[in-house]
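*Asks:* Please find one structure pasted underneath; my questions will follow.
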Amino acid sequence: MSERGEPTTAGTAEQAWRRTPDIPPAPPTLSPTATILAGAATVAALYLGRDVLIPLALAILLSFALGPLVTWLYRRGLPRVPSVLTVMLLVTVLLVGFAALVASQLTHLAQQLPTYEHNLRVKARELAEAAPGGGIIDRTADFLRDFGREIDRITVRAKLEDPGQAAGDRTAQTEPQRPIPVEIHEPPQAPLQALTTFVGPMLQPIATAGIVLVFIVFVLLQREDLRDRMIRLFGHGDVHRATAAISDAAKRIGRYLLMQLVINLLYGMPVALGLFLIGVPNALLWGMLATVLRFIPYLGPALAAMFPIALSFAVDPGWITPLLTIALFIALELFTNNVLEPWLYGSSTGLSPLAIIVAAVFWTTLWGPVGLLLATPLTVCLVVLGHYVPQLQFFEVLLGDQPVLAPEVKFYQRVLAGDPHEAAELAEDLLEEQPLEAVLDGVVLRALVFADQDRQRGVLEPGRVRAVAEHIRDIVADLAESIDATPAGEPTGDGRPRILCVGTRTSLDTAAAAALVELLQRRGAAAALTDAAALLHGAAASGPWDLVCLSYLDASAMRQARRLVLRLRTRLGRDTRFCICLWGASKQEVTQARAGVQVEAVATTLADAVALAMAGREREQEPAQPRADASAA
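The sequence shown runs 1 to 633 under the numbering used here.
In structure tokens form, the structure reads like this:
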């Protein structure tokens, strides 16, 4: 058996037909009201506790990246505490060196900016002259200005024509009202207050960075202890599952961070080199900032490109440098997004593209720009929890990138929704990897079994039953036509086995029989399709038949099958050989069918039925007592 409980051998394949096609039943959950309240309380706690949770989340994320280095030093003989301190010292030196280099580049850029003022004025004038409409903005402004002056002249003329108004105006002019001047003076700030005003905004990020560094040190020092506590808290009943969850999360996040670093370096180095060749000043600065800013999803690449593009307009009085700079960033973005990321990321995170976007919006709303940085790693943790914790399985279903429906369920759902074209596309995709028999057995027949179960429950009315059966028959015919004709070495001409496939109760049984006919004809048999009513009450198809296959999707219909076999023996002849095709039956159901119906064989899959039909005419004269059980064989 596989981990998800699916049969792994041909002998147990028939047991999978009657199982529920969806994911195993979810464990008992809270009521909808309690679930909504719990979710709201969790979101509120994340928002209100962001001052503590953001540094902690950053520390845990960075510990995933630094943990392997600490482990490497520890395994080389360096004790735990010196290993952590060495790694933290190395990180601090790198950060300080990076900050110093950026500061020096910014200082050099600030000294050069005044020399670019003339170029900016020239470009502004050229853009104004090249505006569409030949100065339409200036003409519109002149029109509005003239229009206002005309309104003022009309108002003055009306006042002069009204003597009373003019007299009032003259009185008002002789006694003008003088406005009272008001001046606001702020008291001089104390030195400490002025220092707080200017330095205060800088202290918060510095304090956050310090807290993050402290958290990182303690997480790295107590990593094994924290792991044990997580196992005790969430997995004391299943240590194996908890250990697998922690290892899976660490592997996914570590690989994500490593691949993100590699991609950013492969992006930042061409940026620096390209800008240097184009002639944009401080190319090293922009390459370094591009490497760092790309860690921020969506906004990072735009910010990384905005500054050098703006600077390219200032350094060159012409347009060659700005155009080359824009083309450089567009080319790098296209190459990174369409080649590097799919190649290096692969399935490292296990998130669907929609989940990444939704997670970015959610965490940014809660925690601001830092939430955007942490969105993907935090969502990866949720997906891992959903995979290993049954109560949180909805996270994996909603956010994961793995298919949540089996192919046969997707096929049946599309047919049930009246979209046979998409169902046919799904079957054709499977046909590229599997033979036709496997696709018909594993997908088409299972979909027919699901439809028959819905019919018995009364949720599928007769009209839709017929529509589903017709759609599936058309799909099977199209799939058979897309495959080459009779394979070499199969019987042809008069030596072909003559097989009659009979749909017994409903159009769904007939659709399953039609699939068997398609396979038999591809194998060179002279196969024909009919239904029980036409065979009993109409003209019988030309015989004799080497084998008559009765198609049943419901194993509980064996009483009807017994009566049908007796009537058909009378009509077709006592020597006619019968096979009950009990699609998707279990071993117990096959045993009951053999005991209740006097037939030569029972088949549960299309492959079994085809093997029985193609066994050859030498079996015609075999006695009926040693009935073959195709599924057991």
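Cβ atoms here follow ideal geometry from the backbone N, Cα and C, with glycine treated the same way.
Please classify Met-558 as buried or exposed, where buried requires at least 16 other C-beta atoms within 10 Å of its C-beta.
*Replies:* By the neighbour-count rule (16 or more Cβ atoms within 10 Å), Met-558 is buried.
*Asks:* Cutting at 7 Å between CB atoms, please list the residues of its own chain near Leu-332, excluding the five before and the five after it.
*Replies:* The residues are Tyr-267, Pro-270 and Val-271.
*Asks:* Spell out the partners DSSP gives Ser-644 in its beta bridges.
*Replies:* Residue 644 cannot be examined here, being either before or after the span of the chain that is shown, 1 to 633.
*Asks:* Nearest-angstrom Cα distance between Val-214 and Leu-221?
*Replies:* One C-alpha to the other measures close to 11 Å.
*Asks:* Give me, in chain order, the residues of the same chain whose beta-carbon lies closer than 8 Å to that of Pro-322; leave out the 5 immediate sequence neighbours on both sides.
*Replies:* Correct list, in chain order: Ile-309, Ser-312, Phe-313 and Asp-316.
*Asks:* Between Leu-536 and Arg-567, which are expected to be in contact by the criterion C-beta below 8 Å, what is the C-beta distance as a whole number of angstroms?
*Replies:* Yes, Leu-536 and Arg-567 are in contact; Cβ-Cβ is about 6 Å, under 8 Å.
*Asks:* Does Ala-525 come out as helix, strand or coil in the three-state DSSP assignment?
*Replies:* Residue state, collapsed to three classes: coil.
*Asks:* If you follow the alpha helix (DSSP H) that Met-393 is part of, which residue opens it and which one closes it?
*Replies:* Correcting the residue identity first, residue 393 is Gln in this sequence and not Met. Note, Gln-393: alpha helix (DSSP H), 393-399.
*Asks:* Name the residue from Ala-59, Ala-45, Ala-327 and Ala-601 whose alpha carbon lies nearest to the alpha carbon of Leu-373.
*Replies:* Comparing Cα-Cα distances from Leu-373 to each of Ala-59, Ala-45, Ala-327 and Ala-601, the minimum goes to Ala-59.
*Asks:* Pick from Ala-242, Gln-456, Asn-282 and Asp-401: whose alpha carbon is nearest that of Leu-101?
*Replies:* Leu-101 has its Cα closest to that of Asn-282, out of Ala-242, Gln-456, Asn-282 and Asp-401.
*Asks:* Going by the DSSP bridge assignment, what does Thr-530 pair with across the sheet?
*Replies:* For Thr-530, which the question treats as bridged, DSSP gives the partners Val-502.
*Asks:* Compute the Euclidean distance between the alpha carbons of Gly-458 and Asp-452, then round it to the nearest angstrom.
*Replies:* If I take the Cα positions, the gap works out to 10 Å.
*Asks:* Could you tell me which residues DSSP puts in a beta bridge with Leu-351?
*Replies:* Gly-400, per the DSSP bridge assignment.
*Asks:* Between the stretch 95-109 and the stretch 282-292, do three or more beta carbon pairs fall short of 8 Å?
*Replies:* Result yes; three or more Cβ-Cβ pairs closer than 8 Å.
*Asks:* When you compare only the Cα positions, how much space is there between Leu-500 and Pro-403?
*Replies:* Spanning the two alpha carbons is a distance of roughly 39 Å.
*Asks:* Exposed or buried, which one is Met-682 when buried takes at least 16 other CB atoms within 10 Å?
*Replies:* Absent from the structure is residue 682, since the part of the chain shown begins at 1 and ends at 633.
*Asks:* I believe Val-443 touches Glu-408 by the beta-carbon criterion, under 8 Å. Please report the beta-carbon distance rounded to the nearest angstrom.
*Replies:* Between Glu-408 and Val-443 the Cβ distance is about 5 Å, and since that is below 8 Å, they are a contact.
*Asks:* Is the number of C-beta pairs between the stretch 473-482 and the stretch 509-522 that are closer than 8 Å three or more?
*Replies:* A contact exists between the stretch 473-482 and the stretch 509-522.
*Asks:* Rounded to whole angstroms, what's the CA-CA distance from Val-52 to Gln-413? Just pull it up for me.
*Replies:* Cα to Cα, Val-52 sits roughly 47 Å from Gln-413.
*Asks:* Counting Cβ pairs closer than 8 Å, one from the stretch 383-394 and one from the stretch 420-440, do we hit at least three?
*Replies:* Contact between the stretch 383-394 and the stretch 420-440 is absent, because fewer than three Cβ pairs lie under 8 Å.
*Asks:* For Val-217, tell me which candidate among Cys-581, Leu-85, Asp-474 and Gln-112 has the shortest Cα-Cα distance.
*Replies:* Closest by alpha carbon: Leu-85.
*Asks:* Could you pull the start and end residues of the alpha helix (DSSP H) that Val-636 belongs to?
*Replies:* With the chain represented from 1 up to 633, any question about residue 636 goes unanswered, as that position is not in the structure.
*Asks:* Measuring alpha carbon to alpha carbon, tell me which of Asp-554, Thr-365 and Ala-513 ends up nearest Ala-532.
*Replies:* Nearest C-alpha to Ala-532: Ala-513.
*Asks:* Determine the contact status of Gly-584 and Val-449, defining contact as a CB-CB distance below 8 Å.
*Replies:* For Gly-584 and Val-449, yes; Cβs fall inside 8 Å.
*Asks:* Which of the three DSSP states, helix, strand or coil, is assigned to Met-230?
*Replies:* It is helical.
*Asks:* Measure from the alpha carbon of Ala-209 to the alpha carbon of each residue in Ala-250, Val-96, Arg-252 and Leu-303, then state which is nearest.
*Replies:* Residue Val-96 is the option with its Cα nearest to Ala-209.
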